[in-house]
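Take 23 as the starting number for the sequence shown in this note's numbering and just add one per residue.
Heads up, the beta-carbon is just placed ideally off N, CA and C, and yes, glycines get one too.
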Amino acid sequence: MYSYKDIRTVHLEITQRCQAACPMCDRNENGGADNRHIDNSELSLADCQAIFPSDFIEQLNTMYMCGNLGDPIVAKDTLEVFDLFRHNNQQMWLSMNTNAGAKSAEWWRELAKIIGSRGAVIFSVDGLRDTNHLYRQNVNWDNVERNMRAFIDAGGRARWDFIIFGHNEHQVEEAEQLAHDWGVERFQKKKSGRFFSATSKKKDTHQAVNRKGSQTQLLEKPKKLDNQNLALLKQKEIEKTYGTMMGYYDKCSIKCKVVEEKNIFITAEGLLMPCCWTAGRMYKWWHKDPRVEQIWDFIDRAGGKEGIDVIDNDLKSVIDGNLLQDIQQSWNLPSIEQGKLGVCAMKCGTEFDPFAEQFR
Ligand code: SF4
Ligand code: SF4
C-alpha cells in the first residue's frame, strides 16, 4: 500500500469517550446504551509521544483528530497532543471534528492558539438551538455557541458541517447565515449516506432512543431531492447490472481513498489501521461477538491486536508489517467470500460512493 517513509497524513482517534449520544454513531446503540464492546480507551500525551517519533511528525502534511467512537474535546490530553505535533512541525495542517458541546471557553482559546493559521476545527452542528440536539443528543446549544465563538474570536479557523435531515432541512439557509455572522470560513451541507443499511436495503427512517432506552426523535431523510444523497438513487442501476449489491461488492474495482493521501488511522486503543472505515468494523455493537466481522481475519493474520499495537511496537515495524499489504492484496480476489475485504468494496468501490456524494 505504502511504507513508513511515505506517510503524510495521520487520522487520530484520541478517545472512545463522548458526552453526546448521536443515534447513528457506533459508540452507542441508536443513542442509548454504550457499545458493549468498547471500554472508553483513550490515548494520553505519553502514548502519543511513544507512538510518533519527532522525525515522523516532521514528514507529515496533516494530522486530524476525528475517529469512530469518541470526540476529541472529551479527551484529557487533546491540547497537549496538538501541541506535540505543532512543536515538531510548524507547517503541517492540524484539525479536528467535534460536536463543540464540551470544555471551557478558555480551553477553546488555547486550542486556537496552538493550531494557529495552519489548521481548522470542523464543527459538526446539525441544526440550530431548537434542532441540533435532535441528532446531536445531549449537546447543549449554549455551550456550542460559546465555544465556537471563543475559538473564532481567538483567531481560530472554523468550518461548520451540517448533516441534513427531515427535521432540519428548513434551517439550512439560516444556519449558513449564522455561520457567516460568527466568522465561520466554510459552511458545508452534508447529505447523509447513512440512510443506507449494511444489508444494502434502503431505509428512510431511523428511530433514536435516549440513554434510558426511550424513543426520542424519528430521524428521517430530507424530503427535498436536492438534499438527498444521490448515490442512494444509484442503487437500482447497480442492482440491475450486478443482480444485487453483494454481487457488485464482489466484482467492483477498488480505488483506495487513503493510498492517495498516504494516510494512516490510529485508534484510541493505539492500533494501526489504514482508515476509519476498516477500523470501524472492529466493534459493531449489534454483534454478540464483534469478531464475526471479516476485518478480524486480517488483524489475526497480522498478529492480533498485539501485532498492530503501535504503543508497544514501533510505528515503522507495524506500517511496514503485513496488515496493509494483506488488505491491498485482497482487492484482487474474486469475491468477499474468497477473502476480498468487503468494507473496502463498500467504501471505495469505484461505482457506488455514498461518502463522496455527501459533499455534492
Ligand atoms: S459527537 Fe461524534 S463521537 Fe460523539 S456520539 Fe456523536 S458522532 Fe459519536
Ligand atoms: S476502506 Fe479499504 S480501500 Fe477504502 S480507504 Fe480504507 S483501506 Fe482503502
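Leu241 has its alpha-carbon roughly 15 Å from the corresponding atom of Asp152.
Its chain contains Tyr26, Ile73, Phe74, Pro75, Phe78, Leu294 as the residues whose beta carbon lies nearer than 8 Å to that of Leu337, once the 5 sequence neighbours on both sides are disregarded; these appear in chain order.
Remark: the C-beta of Ile286 is outside contact range of ligand 2, defined as less than 8 Å to any heavy atom. If you compare the alpha carbons of Ile349, Ala378, Ile36, Phe217 with that of Gly364, the shortest gap goes to Ile349.
Counting only heavy atoms of ligand 2, the residues whose C-beta sits closer than 6 Å to one of them are, along the chain, Ile276, Cys278, Lys279, Val280, Pro296, Cys297, Trp299, Thr300, Ile349, Val365, Cys366, Lys369, Cys370.
The three-state reading of DSSP puts Phe209 in strand, counting E and B together. In the three-state reduction of the DSSP assignment, Val166 falls in the helix class. For Ala253, the enclosing alpha helix (DSSP H) begins and ends at 252 to 255. Rounded to whole angstroms, the gap between the alpha carbons of Glu315 and Asp322 is 12 Å. Not one heavy atom of ligand 1 lies closer than 8 Å to the C-beta of Gly215.
Listed by position in the chain, the residues whose beta carbon lies within less than 7 Å of some heavy atom of ligand 1 are Cys40, Ala42, Ala43, Cys44, Cys47, Arg49, Asn50, Leu91, Gly92, Asp93, Asn121, Ser146, Arg158.
In this structure, Gly92 lies near Arg39, with their beta-carbon atoms less than 9 Å apart.
Apart from sequence neighbours up to five positions away, the residues of its chain that approach Ile95 with a beta-carbon distance below 6 Å are Thr120, Ala124, Lys125, ordered along the chain. Here DSSP, grouped into helix, strand and coil, assigns Thr31 to strand. In the DSSP annotation of this structure, the continuous segment of the alpha helix (DSSP H) that includes Leu345 starts and ends at 344 to 352.
In this structure, Arg131 places its C-beta atom within 9 Å of the C-beta atom of Phe173. Below 8 Å, too few C-beta pairs join the segment 54 to 61 and the segment 263 to 282 to call them touching: fewer than three. Across the set Val161, Asp203, Asp148, Leu156, the C-alpha of Asp148 shows the shortest separation from the C-alpha of Ile186. A direct Cα-to-Cα measurement between Met23 and Lys284 gives close to 9 Å. Straight-line measurement puts the Cα of Asp99 at about 27 Å from the Cα of Asp28. With a 10 Å radius around the Cβ and a threshold of 16 neighbouring Cβ atoms, Ser117 comes out buried.
Distance from the CA atom of Trp308 to the CA atom of Leu106, rounded to whole angstroms, is 37 Å. Membership of Ala134 in the alpha helix (DSSP H) is indicated by the continuous run 127 to 137.
The beta-carbon distance between Ile288 and Val32, rounded to whole angstroms, is 7 Å. This is short enough to meet the 8 Å contact definition. Within its own chain, the residues whose Cβ lies closer than 6 Å to the Cβ of Arg181, once the five positions on either side in sequence are excluded, are Ala142, Ile144, Arg208, listed in chain order. When the beta-carbon positions are compared, Lys135 and Gln380 stay at least 9 Å from each other. At the C-beta level, Leu65 and Leu34 come within 9 Å of one another.
Counting C-beta atoms within 10 angstroms of its own C-beta, Asn354 has fewer than 16 neighbours from the protein chains shown and is therefore classed as exposed. In the structure shown, Gln239 adopts extended strand secondary structure according to DSSP, grouped into three states. In the displayed model, Phe377 falls within a helix according to three-state DSSP. Residue range 180 to 185 is occupied by the beta strand (DSSP E) that includes Ala180, with no alpha helix (DSSP H) assigned at that position. Considering only Ile36, Thr37, Lys246, Ala43, the residue with the shortest C-alpha distance to Val231 is Ala43.
When DSSP states are grouped into helix, strand and coil, Tyr86 belongs to the strand group.
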